[in-house]
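All residue numbers in the sequence shown are consecutive under the numbering used here, ending with 154. One structure below.
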Amino acid sequence: MIKRIFLLGVGLISLGLAIIGIFLPLIPTTPLLLLAATCFIRSSDRLYKWLITHKYLGPYIKNYREGKGIPLTAKIVSVMLLWTSMLFTIFFDIPLIAVKILLAGTAAYFTWFIFKQKTLAN
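What follows is the structure in structure tokens.
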């Protein structure tokens, strides 16, 4: 019973973060949805079925399972949002040069990571 409640809690937190990750580029949506699905399959059949059949969230899991990749538009939007937020932070929020370099490096890494992923063919 405690294990089920724990997994349900972790699954719900992961789901919430994944939804936020759809809008914030530094939060990884697909891995968090996969964690939520893993937790739900062990704690709540109803939530698991809801997640994998969800109109917007289900395809993330399905495309990952099938190795199809990320849609090109999602890649472009993610990278644009990433760089917009990072450049704003670098130029207007952070006074320390070392932190600015770290943020630019982080943005560059995630840009590389996103474009390295397979592109989903429509």
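Ideal Cβ positions, reconstructed from N, Cα and C, are used throughout, including at glycine.
In the DSSP annotation of this structure, the continuous segment of the alpha helix (DSSP H) that includes Leu104 starts and ends at Leu104 to Phe120. By the criterion of a C-beta distance shorter than 7 Å, Thr143 is surrounded in its chain by Val111 and Leu114, once the five residues flanking it on both sides are discounted. If you check the CB distance, Ile52 and Ile45 do not come in under 7 Å. Residue pairing by DSSP places Leu152 opposite Pro103 in a beta bridge. The criterion of a C-beta distance shorter than 7 Å is not satisfied by Ile73 and Ile84. Distance between Gly43 and Thr70, taken at the CA atoms: about 8 Å. The Cβ neighbour count for Thr61, taken over all protein chains shown within 10 Å, is at least 16; the residue is labelled buried. For Tyr88, the closest C-alpha among the options Ile126, Leu47 and Ile37 is that of Leu47.
Going by DSSP, Ile126 is part of no alpha helix (DSSP H) at all; its letter is neither H nor E. For Pro63, the three-state secondary structure derived from DSSP is helix. By the 16-neighbour rule on beta-carbons within 10 angstroms, Ile102 is buried.
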